[in-house]
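J.: In my numbering, the protein residues as written are 86 to 295. Quick reminder that beta carbons are idealized off the backbone N, C-alpha and C, glycines included. These figures come from a predicted structure and were not determined experimentally.
(1) Considering only C-alpha positions, which residue in the set 211, 122, 223, 166 is nearest to residue 275?
(2) Suppose contacts are defined by Cβ-Cβ distances below 9 Å. Is residue 292 in contact with residue 271 by that definition?
(3) With 16 other CB atoms within 10 Å as the buried threshold, where does residue 104 fall?
(4) Cutting at 6 Å between CB atoms, please list the residues of its own chain near residue 168, excluding the five before and the five after it.
(5) To the nearest angstrom, report how far apart residue 290 and residue 218 are at their CA atoms.
(6) Going by DSSP in three states, residue 116 sits in which element: helix, strand or coil?
(7) Verify whether the separation of the beta carbon atoms of residue 220 and residue 190 is less than 9 Å.
(8) Roughly how far, in whole angstroms, is the beta-carbon of residue 128 from the beta-carbon of residue 194, given that I think they are within contact range, below 8 Å?
(9) Decide yes or no for the touch test of the stretch 165 to 184 against the stretch 137 to 150: beta carbon pairs closer than 8 Å, at least 3 of them.
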């Protein structure tokens, strides 16, 4: 049996983590009602979003390619007594292991890792109810808590090749959002990626067409 570990997240400060996820919630709820909805969380990691956003939903289904993260997510949500409304499984954009349809799909800092973005959009589309929403959050090249030493140009550990490669991945991800034809773009916010603004992120809210 896996040993219970402290809550693991993308940030090292849980207060900052909650602030970030509350920011996500504000962005989402400008356009979408989370309450009583069925949510698909793609790239859920150790359950960061579920821990802070799942209290009012009908069901929250998280998937991640990393099995250890999935086990930690289950532990974390059980500690919060939210396990009755939350399910976690190993999966990916191209392998969504849930048979049901969802009202909302959320991808947090995950889309740029998927090479087959056409397949990713198609699978998400097929997993959503008519009129469902796909919310995409992607990092800027220098976000807080996301490989800052390699990506931060002011750091002595800055790696220009890694930085250029990551920028290319992210630009491909942003372009994929604009070029797909399965969703209409309700909102898209592109921050200035040349700045190092803590918590500053690209995001897009998409709605399923047809």
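T.: Taking the definition as stated:
(1) On the chain shown, residue 275 is found 190 positions in, with the first residue counted as 1. When each option's Cα is compared against that of residue 275, the closest is 223.
(2) If you number the chain shown from 1, residue 292 lands on position 207. If you number the chain shown from 1, residue 271 lands on position 186. Contact: yes.
(3) Here residue 104 corresponds to residue number 19 of the chain shown, with the count starting at 1. Label assigned to residue 104: exposed.
(4) The residue you call residue 168 lines up with position 83 of the chain shown. Answer for residue 168: 162, listed in chain order.
(5) Residue numbering aside, residue 290 sits at position 205 when the chain shown is read from its first letter. Residue numbering aside, residue 218 sits at position 133 when the chain shown is read from its first letter. Spanning the two alpha carbons is a distance of roughly 7 Å.
(6) Numbered from 1 along the chain shown, position 31 holds the residue referred to as residue 116. In the displayed model, residue 116 falls within coil according to three-state DSSP, outside both helix and strand.
(7) For this step, residue 220 is matched to residue 135 along the chain shown. For this step, residue 190 is matched to residue 105 along the chain shown. Yes; because the gap between Cβ atoms is below 9 Å, this pair is in contact.
(8) Within the chain shown, residue 128 is the residue found at index 43, counting from 1. Within the chain shown, residue 194 is the residue found at index 109, counting from 1. At roughly 7 Å, the Cβ-Cβ gap stays under 8 Å, so residue 128 and residue 194 are in contact.
(9) Yes, the stretch 165 to 184 is in contact with the stretch 137 to 150.
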